[in-house]
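Quick note: the sequence shown uses this note's numbering, first residue 144, plus one each step.
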Amino acid sequence: MTARQVEFPKTEVLQRLALSDSGFVFDPLSGASYTVNTTGIALLRRLQHYDGDITRLVAGLRTEFEVDAAVAEQDTVEFAGVLRSYFK
C-alpha cells in the first residue's frame, strides 16, 4: 500500500460520538444518530484515537477482518468521504 493522505473529520469531532457494538452511532452535540456496519464501527473506534498514520489504520482493519490491503484501504478512503459529508 502506498502512503495516502486521507482527510477525516477532526479527531475531537469523532471522539464525542457514542458508539455501540451493534452499529449505533450517536452525536450528542447535534442529537443525530446513525447506523454503520461492523467495518464502520471498527474504523470509528480507531479514528477516535487516530494519529494520522493511515498505514496503521489500514493494517488494523486487515488484521481484524482478514482482508487484503487494497480492500482495507478502499474501505477506509470511502468511509472517510462519508464521514466528511456528515461531520464538517
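In this text, a Cβ means the ideal position worked out from N, Cα and C, and glycines have one as well.
If you follow the beta strand (DSSP E) that Tyr177 is part of, which residue opens it and which one closes it?
-> For the purposes of this step, residue 177 is taken as residue 34 along the sequence shown, with counting starting at 1. Where Tyr177 is concerned, the enclosing beta strand (DSSP E) stretches over 176-178.
Assigned exposure category for Gly222 - 16 Cβ within 10 Å defines buried = For the purposes of this step, residue 222 is taken as the residue at position 79 of the sequence shown. Before going on, a small fix: residue 222 reads as Phe here, not Gly. It counts as buried.
Starting from Val225, follow the alpha helix (DSSP H) in both directions and report where the run begins and ends.
-> In the sequence shown, residue 225 corresponds to position 82, counting from 1. Unbroken alpha helix (DSSP H) run through Val225: 212-229.
Which runs of the beta strand (DSSP E) spanning at least 3 residues fall entirely within the segment 147-192, listed in chain order?
-> 167-169, 176-178
Among residues of its own chain, excluding the 5 on either side of Met144, which ones have a beta-carbon nearer than 7 Å to its beta-carbon?
-> Counted from its first residue, the sequence shown places residue 144 at position 1. Unreliable placement is indicated for Met144, whose pLDDT of 48 sits below 50; the coordinate value is still reported in the next sentence. Setting aside the 5 residues that flank it on each side, Met144 is surrounded in the same chain by Thr198, Val201, Ala212, Glu216, each with a C-beta closer than 7 Å to its C-beta; the list follows chain order.
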